[in-house]
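Numbers 1 to 388, taken from full-length UniProt numbering, label the letters of the sequence shown in order. Glycine included, C-beta positions come from ideal geometry on N, C-alpha and C. Small disclaimer: the values here were computed from a predicted structure and weren't measured. Below is one structure, written out as structure tokens; comments come after it.
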Amino acid sequence: MVKDTEYYDVLGIEPTATALEIKKAYRKKAMLTHPDKHPNDPDAASKFQAVGEAYQVLSDPSLRSRYDQFGKDDAVPQQGFEDASEYFSAIFGGDGFKDWIGEFTMLEGLNEVDAETEPVKTENGEQSSSTELAGAGSVASKNDEAKLDKKLSKAQKEKMYEMEKKRREEIKIQVNELAKKLNGRLQSYILASKDNRLDEFTSKLDQEIEEMKLESFGLELLHCLAKCYKTKANNFILSKKTHGISKLYTGVRDNARNAKSVYSLLSTGMDAYKAMEQMNETNLDEMEEYERAKFESMMAGKALGVMWAMSKYELESKLKEVCNQILNDNTVPTKERLLKAKGLLLMADKFSKAKRSPEEAEEARVFEELILGEQQKEKEKKKKRSRI
């Protein structure tokens with residue numbers, strides 16, 4: 001018996017709801033009450049915030065316990081309630097992925113660069129920030145790169161160097177932490193295999209996947225994990241079977257894949273750079289409301305494409321290092337490392353098979369579109385249809 005059911009009522013769930021049911025209910029309610037969907041409702045922001053507060057409490061086991069026993073007044077987060085948008089607008093993944101992929105550092109670094117540098121005039125006379133030039137993956141013209149280099153003061157160049165050095169150090173720390181966590185999971189897999197409790201291990205993994213697939217771009221991240229785990233595990237197993245000879249061609253193949261990833265990143269950056277030039281040349285004030293919304297939506301999509309390409313490249317590099325640290329640890333017997341490689345293959349198989357139900361797929365689509373501002377485009381389409 002709980003003292004107060006207000007938060008459960010806000011999310012439309014029973015007090016007996018599981019953590020996964022709470023997360024699913026939150027996503028639905030957050031989408032239904034998002035201010036973008038209710039532009040004429042002056043209470044929309046407060047309703048959205050109420051949903052966020054309910055989730056902040058019920059998603060925290062300690063706060064939920066206090067809420068169930070004593071009510072709202074005794075279940076306030078120590079740091080206070082956060083803005084609901086902080087919970088809603090996570091772009092790539094969420095808390096469910098943190099122990100698997102860590103955090104993305106490249107995008108944070110670019111934001112810092114923008115704050116430290118001034119706009120640079122490019123060949124067409126328009127201004128672009130250093131992030132727009134650098135973030136495009138060195139796809140700006142050589143003259144623009146030279147102008148960027150000249151524009152930056154010595155202090156700014158040193159600042160950018162320090163930020164990149166800091167980012168690499170953060171990645172190294174993340175790799176070590178992720179390797180420890182993944183190694184712990186693989187040790188659990190080995191014990192479960194020996195004790196005939198593999199069903200228990202896979203059941204727990206399936207539960208995690210159920211939660212992760214609901215996160216923003218969760219399926220993309222799960223499939224990225226699957227690809228990296230499968231590649232590294234198969235390469236290791238093959239190298240032991242061939243006494244290391246297979247490394248001669250698996251290394252070439254992996255380098256080719258890495259080159260392909262870099263090319264994809266550069267191509268995405270080139271598209272984004274061209275889009276930036278197009279945006280600079282476009283007078284939004286002269287556009288009709290619908291056309292403007294369509295154009296802004298397209299730009300948001302291109303921006304997301306760059307962010308995803310950069311994040312995916314960083315993630316793949318990081319996951320490879322994590323796997324290398326585990327599989328190439330010569331202090332661990334080869335037999336044990338082969339078992340860990342099999343554990344990685346099992347995880348990869350589970351991750352690659354992750355799917356959303358039609359309802360979950362639609363929820364994810366709407367959730368992700370709201371993040372990008374796509375909802376505004378749909379509203380403008382409806383207005384145009386009604387006028388027609």
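Cβ-based neighbour list, residue i, same chain, cut-off 6 angstroms, excluding 5 preceding and 5 following
| i | result |
| --- | --- |
| residue 337 | 327 |
| residue 343 | 186 and 189 |
| residue 237 | 341 |
Own chain residues within Cβ distance below 8 angstroms of residue i, not counting five before or after
| i | result |
| --- | --- |
| residue 225 | 100, 101, 319, 347, 348 and 351 |
| residue 77 | 56, 57, 60 and 63 |
| residue 329 | 337 |
| residue 71 | 3 and 4 |
| residue 162 | none |
| residue 21 | 13 |
| residue 288 | none |
Span of the alpha helix (DSSP H) around residue i
| i | result |
| --- | --- |
| residue 352 | 334-352 |
| residue 218 | 218-241 |
| residue 105 | Unbroken run through residue 105: none, as it is neither H nor E. |
| residue 33 | 19-33 |
| residue 81 | Note, residue 81: premise wrong, no alpha helix (DSSP H); not H, not E. |
| residue 202 | 198-212 |
| residue 61 | 61-70 |
| residue 46 | 44-58 |
| residue 215 | Premise fails: residue 215 is in no alpha helix (DSSP H) and is neither H nor E. |
| residue 9 | 6-11 |
| residue 73 | Segment: none, residue 73 is in no alpha helix (DSSP H) and carries neither H nor E. |
| residue 99 | 98-101 |
7 angstroms CB neighbourhood of residue i in its chain, flanking five on each side removed
| i | result |
| --- | --- |
| residue 7 | 54, 57, 58 and 67 |
| residue 175 | 318, 321, 322 and 325 |
| residue 69 | 3 |
| residue 201 | 188, 189 and 192 |
| residue 47 | 33 |
| residue 184 | none |
| residue 81 | 53 and 56 |
| residue 35 | 44, 45 and 48 |
| residue 198 | 192 |
| residue 74 | 66 |
| residue 182 | 322 and 326 |
Whole-angstrom C-beta distance between residue j and residue i, which should lie under 8 angstroms
| i | j | result |
| --- | --- | --- |
| residue 180 | residue 345 | Going by Cβ atoms, the distance from residue 180 to residue 345 rounds to 20 angstroms, so no, they are not a contact pair. |
| residue 158 | residue 105 | Wrong, their Cβ atoms sit about 19 angstroms apart, outside the cutoff. |
| residue 209 | residue 222 | 7 angstroms |
| residue 219 | residue 354 | 6 angstroms |
| residue 30 | residue 51 | 6 angstroms |
| residue 214 | residue 23 | 6 angstroms |
| residue 44 | residue 33 | 7 angstroms |
| residue 240 | residue 334 | 6 angstroms |
| residue 211 | residue 96 | 5 angstroms |
| residue 233 | residue 341 | 4 angstroms |
heavy atom of the ligand ATP below 7 angstroms from residue i C-beta
| i | result |
| --- | --- |
| residue 12 | Looking at this structure, you won't find the ligand ATP or any other ligand, since it has none at all. |
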